[in-house]
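Asker: In my numbering, the protein residues as written are 5 to 313.
In this text, a Cβ means the ideal position worked out from N, Cα and C, and glycines have one as well.
Structure below; questions to follow.
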């Protein structure tokens with residue numbers, strides 16, 4: 005069986021390096037590729053020449069031996085992409101999450117909203133450099149919020165410059181997949197004293213608001229991104245347990261929609277939405293010391309412990 009690889013960013017000597025994970029060994033990407041006109045200074049650089057980079061990396065992964073590079077257990081992983089040019093986030097995009105929110109609305113208003121698929125997906129954006137952290141990095145809870153919630157999401161990584169992509173060709177521009185935790189300050193969802201009710205910056209954009217990782221799984225190793233199990237635990241208790249087959253707007257629809265409005269660039273990440281099981285419906289929110297663990301089929305596990313901001 006061919007050796008699969010994953011792309012990682014890791015800390016070495018006070019700087020970030022691009023690495024290739026094969027089994028339990030992390031090999032510097034630059035050493036594995038040995039030049040050849042490919043910029044291996046970062047994962048983002050590799051994504052800018054993705055077709056060539058992936059072919060070379062897949063071949064090179066076959067040559068990695070058990071003693072090469074570093075043991076994964078001894079490596080400090082950073083967020084895989086330092087940093088995406090854009091992080092797009094789909095809202096209200098799992099059928100089970102819509103059902104969950106409809107039940108809340110019914111309890112509050114006595115009337116449940118209709119469960120229908122909208123014409124287009126619904127997006128907001130999160131900050132990248134200010135918010136993205138890697139696995140096993142403490143996530144600082146913002147001091148201005150007491151209701152920070154978890155949201156497990158599959159992240160789609162763009163591997164080609166893309167504009168006006170048809171749905172049937174959307175997966176051609178995908179480099180791979182990773183895990184995103186869309187941490188959300190629920191007590192900052194709405195703004196008072198203005199007709200513009202939703203506060204997307206207050207709710208979604210704060211330090212450490214977007215844990216991401218643990219690595220980038222190339223699309224070639226994912227059989228069906230629209231059928232991947234997605235689970236989240238808080239302190240070992242299962243909170244979210246769903247499958248990307250329950251997406252309202254699938255991955256191809258999301259790429260096509262976004263690319264109609266602007267150009268997508270290599271390294272951009274699309275967080276595709278979260279399933280049922282978030283804390284808000286139960287009045288459960290994260291506190292310092294809580295461990296959040298997310299697993300998505302083929303993408304590893306993203307683990308972060310909450311600390312006071």
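By DSSP's criteria, residue 344 is part of a beta bridge. Which residues make up the other side?
Answerer: Within the shown structure, residues of the chain are numbered from 5 to 313, placing residue 344 beyond reach of any answer.
Asker: Starting from residue 23 and walking both ways along the beta strand (DSSP E), at which residues does that stretch end?
Answerer: 19-26 is the extent of the beta strand (DSSP E) around residue 23.
Asker: Relative to the C-alpha of residue 219, which residue among 84, 209, 265 and 300 is closest?
Answerer: Considering only alpha carbons, the answer is 84.
Asker: Assuming the contact rule is C-beta atoms closer than 8 Å, residue 143 and residue 282 should be a hit. Round their C-beta distance to whole Å, please.
Answerer: Not really, about 16 Å apart at Cβ, beyond 8 Å.
Asker: Out of 55, 35, 183 and 275, point me to the one whose CA is closest to residue 126's CA.
Answerer: Nearest option by C-alpha distance: 275.
Asker: Within the same chain, show all residues whose beta-carbon is closer than 8 Å to that of residue 289, passing over the 5 residues directly before and after it, in chain order.
Answerer: The answer, listed in chain order, is 150, 151, 152, 153, 190 and 283.
Asker: Could you give the C-beta distance for residue 209 and residue 131, rounded to a whole number, given that I count them as a contact under 8 Å?
Answerer: Confirmed, Cβ separation roughly 5 Å.
Asker: Please report the distance separating the alpha-carbon of residue 285 from that of residue 111.
Answerer: So the two alpha carbons sit approximately 10 Å from each other.
Asker: State whether the segment 262-279 contacts the segment 160-170, with contact taken as three or more CB pairs (one from each stretch) at a distance under 8 Å.
Answerer: The segment 262-279 is in contact with the segment 160-170.
Asker: Using a threshold of 8 Å, state whether the C-beta atoms of residue 148 and residue 204 are closer than that.
Answerer: No, these two residues do not count as a Cβ contact at 8 Å.
Asker: So, using beta-carbon positions, are residue 140 and residue 307 closer together than 8 Å?
Answerer: In contact: residue 140 and residue 307 (Cβ atoms closer than 8 Å).
Asker: May I ask which residues mark the beginning and end of the alpha helix (DSSP H) holding residue 257?
Answerer: Here the alpha helix (DSSP H) through residue 257 covers 255-265.
Asker: Mapping the DSSP letters down to three states, classify residue 211 as helix, strand or coil.
Answerer: Coil.
Asker: If you drop the 5 nearest sequence neighbours on each side, which residues of the same chain put their C-beta closer than 7 Å to that of residue 169?
Answerer: Here the set comprises 177, 259, 260 and 263.
Asker: Mind checking who residue 195 pairs with in its DSSP beta bridge?
Answerer: Answer by DSSP bridge pairing: none, since residue 195 is not bridged.
Asker: What did DSSP end up calling residue 188 once you bin it into helix, strand or coil?
Answerer: In this structure, residue 188 counts as strand in the three-state DSSP scheme.
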